Each structure stands twice: as C-alpha cells, then as structure tokens.
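Right, one structure below, let's go through it.
2 protein chains.
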Amino acid sequence: MIDDAEAGPRRLERDLAAFEPICARILARHRDAIRVQKPHVATANLARIIEAVLRLSAQKGFHETTLRDLAEASGLSMGGLYSYFSNKNALLVMILTEVATTAEATLRDAPEALTADPVLHLRWLIAAHIRLTERMQPWFVFAYMEAKGFPAPARRIATATELATEQIFADVLADGAASGRFRIDDVLLTAALIKPLLQDWYVKRAKYRKRRISADAYIAGVTAFIERSILTS
Amino acid sequence: MIDDAEAGPRRLERDLAAFEPICARILARHRDAIRVQKPHVATANLARIIEAVLRLSAQKGFHETTLRDLAEASGLSMGGLYSYFSNKNALLVMILTEVATTAEATLRDAPEALTADPVLHLRWLIAAHIRLTERMQPWFVFAYMEAKGFPAPARRIATATELATEQIFADVLADGAASGRFRIDDVLLTAALIKPLLQDWYVKRAKYRKRRISADAYIAGVTAFIERSILTS
DNA sequence: AAAAAAAGTGAGCGCTTGCTCGATTTTTCG
DNA sequence: CGAAAAATCGAGCAAGCGCTCACTTTTTTT
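So the protein sequences, as listed, match chains A and B.
Heads up: the first sequence begins at 1 in the numbering used here, then just goes up one per residue.
Heads up: the second sequence begins at 1001 in the numbering used here, then just goes up one per residue.
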C-alpha cells in the first residue's frame, strides 16, 4: 500500500523536525496538563508521541492503536506517556484542537490586498487550504477520520471547524456573486461542494502521490475546475 | 446530533424491510458460511444484524462496536450471531463485498439509449450514483469510513471499487472530450474531482439533511456545477 | 560530591473483548 | 404425538486493553 522510496530513520528525523514547532504550540496551550517541565524535552517527546500516534492511527485507526504500540513507536515507556496526557482521549482532543485552531487562523489570514477582489481571494483560499493540509497532512487525516466515535466534545470541535471553513468560502462566494464576478445559484451549496474538492487532497493523498500529481498541480486543477464553473465570462 | 422526527420501532420496521432484499443477496453469496438453513429466517436475522452493525458503527465505529452491543441491538444472542459469520472481520468483508458488487453493477448498467451521448451518459451516472448511495447510505458510509484499519484484503476491495467507479466516469469524460462535447485538460484528474462531489452526499448526509437539501436538489446542483465546468458552450 | 528534584520505567490491576461450546428451546416431520 | 434436526442461548475463557504507582535513572542544585 505504502511505497515510499525514502524510508527509515532518516525520514523519521525529518518528519520529527516538522512536528516540533507545532508541538511547541501544543505544549504552550497545555502547559498545566503536561508534567514535564523543561520545554525542549517536553516538545521533543511530544513530537515523537504525536508523530507516532498519527502514523499508527493512519495505519489502523486511533482506537486500534494501543498505548503499548504507542510507547514502543515513540520510544517512551507506558508510564512515561502519561506525563504528556492524562488519558488516551485527552491526546485525541489535543490533536483535534491544534488542527482546528491552525485551520481557522490560517484561512482567516488572507493578505488584505487580495480580500478586495473575490476572484483573487477565492484563489488564495483554495491554495492556502491545500498548502496547509499538505504541510499537516497526517493531522488533517486524523481529524477527518477519527472525529466520529468519540465523546461529543471532540466531535463538536471537528464539526465546528468544518462549518467554519465552509463559511469562509461561502462569504467570498457571496461577495463575488454580489459584485457580479461569480454566477452562483446557491452560495451555500456551492461552498459545500468546494469543501470536498479540497478535502480530497489529504484524504486520498496516497492516490495522488501514486499518480505523481503535485500540490501545485492539484491547486491548478481544482482552481480551474471551480472557476470554469462559477466565473462570469 | 441525530434529530429524526420519525423514530422508534415503526422506523426500525421500515428500515429492516429495506435491508431484506440486499441481505437475501448476501445470503446467496455466503450460503456455505451461514449455518442457518431456512432462507427466510436467515435473511430476516441477517437484516437485523447488518442494520444494527451499520447503525452502531456509524455512531461509534466498527471496532468500538462490541459483539455484546450487536447482540442486544439485533435481538440475537452472542452465540447466535456466530451462525451468520465466522468472526467479526468476516462480517465486515461481507458488507464491503456487497457494497462493491452493487456499486459496480449499478453504474455499469446505463440504458443503452444514453451511452451514445456522453452528456446524457454523464448526467445519468451522476444521478445513478447519488440515488444508489442514498438508497444504501449506511452501507456506503460504512465502506468509506471503516475500510481502513483492516486486513489488506478488505482494504483492497474498497480501493478497487473506488478506482473502478472513477474509471467509469473517466471513460465517459474521455468519450465526451473526443467528440468535442467536453472541454477537459486532464480527464483523469477531472474524474478524480467528480468522485468526492458524489461521495459528499453520503459522507456528510447529516449536514444536507439539516439544510433540507433533497437528493434531487443535490443531483441538480452537482450536475450543474460539473457541467458548467466541462461543457463546451 | 551529596542531596534534591525531575524524568522515566514496566510489572501488575481490574476490566472488557472476541469467541466457544454444552445446554436449551423451537421447528420439522413420520 | 414424540423424536430428530435446526436454531438459539449465555456463562465462561484466554487475551489484550487503559491505566497506576512504587521504583530507578538522570539532571539540577547546593
């Protein structure tokens, strides 16, 4: 199924580096719940734990990933893990919250120069969404696939984030429709249709990798597809 | 989360009726593995088991659904369940196979009168896909959400089905592009983009129900969206 | 270098899981 | 009707789960 040419400890090292800045943010947000004091120790171990749980969950699901698996994959002991989260579900919520926060913050941060023009703004949103989910692919897959089946609070985070993202797109579409740049019958439905086009990039990442379609190519393809459908000519 | 106006035994009865014909097909395919001889008894119980496992899995996931839950929800005993499948994973494969077979058979069965015209053929495919997944929504959600995390064979069924469906669309798109009815840069990518638009209907069924968007409205919306993007005018 | 604090360990506990199998009930049929 | 066949039952088993805590190792401080 997975056919990475590049594998082994070399790849793990690079991956962990990508996790650390994000885990530093998580640490800051949960400083009171995490018992390890020294920030660089805590950040490094959090990165190993979360890299491991995202990787194992992608393979077999979060619930099927045992804490023994996670201990071995992260290099900590079972007891050691519990210095970083109070229980398995708290680990899930930690990850979900980080995804939700980052997604919202990123998409609401369009350059002001662009937001005046709905066409450019929409283009930027599409690219920003795909680039973000490319950078944090395991995180988004996790949030998408595991959100269901957990206590209501965790599920609400996921649903709310999804709706918030859709609303950001709906606002731009409404803007463009009002100014005559877009021809759209139903703004809400159109926003709802754009969402799965963007989600497909990370949900079916393996398929696109196999077909050698790059993030840039996907951005170009999706943008063209959407614009041909809604742009007034 | 779920806010059905119509609930209780009345609804269950109607749902079970919808399951029986499908379960009769499953019984035929697994006659040797199912120990219960009388077809109408076996079909009725299979329907109760599968209705229950799809409902519980949608709530909390297949792996989190225990056989004790399933026994209670289906009205059989724990031991009784094992007259219908040899182990929990076999139950999963049973469902997956039925979904795969039905999807392929349905989409390859376009009326001959339509297949000559790629525009009409594509319209038919979109409508047929959405209508099928509407009729068998719990089945498709199950196949989509639970395929991962299970032994390679089960996962392959899901992946193969997905690819087969995409290929059916790609063929029609290529046909229409060749005859000048469609303007498409990349047929494979376009087919890949149409897929998530169709899947969204059953994956996010709750959202569309809440917004009071009917299957027909969704078919109309998606068809218009896609055709505006690819039709030569 | 000794003491104190912090970080990390892993065997073991109580509980739940998938699954079995002898016992029991229901159905079939001479 | 009554005995054989079919269908169903559910307590019990081994295995594996999340989680704890008395303990050891590492790091910091004095």
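Beta carbons: idealized from backbone N, C-alpha and C, even for Gly.
Quick caveat: nothing in here was measured; it's all calculated off a predicted structure.
Point to revise | Span of the alpha helix (DSSP H), counted from its first residue to its last, around E51(A) | key: 39-60
Review point. Of all the options M145(A), F142(A), T106(A), L122(A), which has the alpha carbon lying nearest to the alpha carbon of D175(A)?
Key: Ranking M145(A), F142(A), T106(A), L122(A) by Cα distance to D175(A) puts L122(A) first.
Exercise for review: Work out the CA separation of R1155(B) and A1147(B) for me, nearest whole Å.
Suggested key: 5 Å
Point to revise | C-beta atoms of D186(A) and G1221(B) nearer than 8 Å | key: Their beta carbons are under 8 Å apart, which means D186(A) touches G1221(B) by this criterion.
Practice item. Check D1231(B) in the structure and name its three-state DSSP category. Key: For the record, residue 1231(B) in the displayed sequence is Leu; it is not Asp. Three-state result, L1231(B): strand.
Review point. Is the beta carbon of L1054(B) less than 8 Å from the beta carbon of W1139(B)?
Key: yes
Practice item. On a CA-only basis, which of I1130(B), L1132(B), A1152(B), I1157(B) is nearest A1143(B)? Give me that one, please. Key: Comparing C-alpha distances from A1143(B) to each of I1130(B), L1132(B), A1152(B), I1157(B) shows the shortest one belongs to I1157(B).
**Study point:** Sub-8 Å separation of I1130(B) and Y1218(B) beta-carbons
**Key:** Contact flag set, yes.
Check your understanding: Can you tell which of A164(A), V41(A), I194(A), S83(A) has the C-alpha that lies nearest to the C-alpha of T101(A)?
Key -> The residue among A164(A), V41(A), I194(A), S83(A) with its C-alpha nearest the C-alpha of T101(A) is A164(A).
Point to revise | is_contact[T1190(B), chain A] using C-beta, thresh 8 Å | key: yes
Check your understanding: Would a check of beta-carbon distances place R35(A) closer than 8 Å to chain B?
Key -> No, R35(A) lies away from the interface with chain B (no Cβ there is under 8 Å from its Cβ).
Point to revise | Classification of R183(A) by the beta-carbon crowding that lies within 10 angstroms, buried from 16 upward | key: By the neighbour-count rule (16 or more Cβ atoms within 10 Å), R183(A) is not buried but exposed.
Practice item. Report yes if the C-beta distance between L70(A) and L56(A) is below 8 Å; otherwise report no. Key: Cβ distance < 8 Å, so L70(A) and L56(A) count as in contact.
Exercise for review: List the residues of chain A that S1229(B) touches, going by C-beta distances under 9 Å, in chain order.
Suggested key: A224, F225, I226, E227, R228, S229, I230
Review point. Helix, strand or coil: which one does DSSP assign to A1005(B)?
Key: Unreliable positioning characterises A1005(B) in this predicted model, as indicated by a pLDDT of 49, which lies under 50. The coordinate reading is nonetheless provided below. Looking at A1005(B) - three-state DSSP - the assignment turns out to be coil, as it is neither helix nor strand.
Check your understanding: Of all the CB atoms in chain A, is at least one closer than 8 Å to the CB of I1126(B)?
Key -> no
Exercise for review: Quick one: using the 10 Å Cβ neighbour count with 16 as the cut-off for buried, is T1232(B) buried or exposed?
Suggested key: T1232(B) sits exposed, since fewer than 16 C-beta atoms from the chains shown fall within 10 Å of its C-beta.
Check your understanding: By Cβ distance, which residues of its chain are closer than 8 Å to G1180(B), with the 5 residues on each side in sequence left out?
Key -> Within its own chain, the residues whose Cβ lies closer than 8 Å to the Cβ of G1180(B), once the five positions on either side in sequence are excluded, are T1232, listed in chain order.
Check your understanding: Quick one: which chain A residues come within Cβ less than 7 Å of T1186(B)?
Key -> Checking the displayed sequence, the identity of residue 1186(B) turns out to be Asp instead of Thr. Chain A residues near D1186(B): G221.
Check your understanding: Whose C-alpha, out of A1044(B), E1064(B), N1089(B), is nearest the C-alpha of S1074(B)?
Key -> A1044(B)
Check your understanding: How big is the Cα-Cα spacing for R1209(B) and L189(A)?
Key -> The C-alpha of R1209(B) lies about 13 Å from the C-alpha of L189(A).
Review point. Measuring CA to CA, which of L76(A), Q59(A), A33(A) is closest to R48(A)?
Key: L76(A)
Practice item. Mind checking the stretch 1050-1084 of chain B against chain A and listing, in chain order, the residues whose C-beta falls within less than 7 Å of any C-beta there? Key: K1060, G1061, H1063, E1064
Point to revise | Cβ of L197(A) within 8 Å of any chain B Cβ | key: yes
Check your understanding: Taking just the CA atoms, how far does I194(A) sit from V1172(B)?
Key -> 23 Å
Practice item. Please name the residue, chosen from I1230(B), T1161(B), A1224(B), that lies closest to L1107(B) on a Cα-to-Cα basis. Key: T1161(B)
Practice item. Note down, one range per segment and in chain order, each beta strand (DSSP E) of at least 3 residues found wholly within the stretch 1183-1223 of chain B. Key: none
Practice item. Would you kindly report the start and end of the unbroken alpha helix (DSSP H) that includes K1088(B)? Key: 1088-1107
Review point. So which residues of chain A does D1200(B) contact, with C-beta pairs closer than 8 Å?
Key: A192, L193, K195, P196
Check your understanding: Which whole-angstrom value is the C-beta distance of E1134(B) and W1201(B), which I expect to be below 8 Å?
Key -> The beta-carbon distance between E1134(B) and W1201(B), rounded to whole angstroms, is 7 Å. This is short enough to meet the 8 Å contact definition.
Review point. Heavy atom of the ligand NAP less than 7 Å from the Cβ of I1226(B), yes or no?
Key: Absent from the structure shown: the ligand NAP. Ligands present: none.
Point to revise | Interface flag, R1212(B) vs chain A, CB-CB below 8 Å | key: No, its Cβ sits nowhere closer than 8 Å to a Cβ of chain A.
Check your understanding: So, using beta-carbon positions, are A1110(B) and W1124(B) closer together than 8 Å?
Key -> yes
Point to revise | Proximal chain B residues relative to K148(A), where beta-carbon distance stays under 9 Å | key: A1058, Q1059, K1060, G1061, M1145
**Study point:** Nonlocal neighbours in the same chain, by C-beta distance under 7 Å from Q1037(B), ignoring five residues either side
**Key:** none
Practice item. Could you tell me how far apart the beta carbons of I34(A) and Y82(A) are, in whole angstroms, since I believe they sit closer than 8 Å? Key: Approximately 10 Å separates the beta-carbon atoms of I34(A) and Y82(A); this is outside 8 Å, ruling out the contact.
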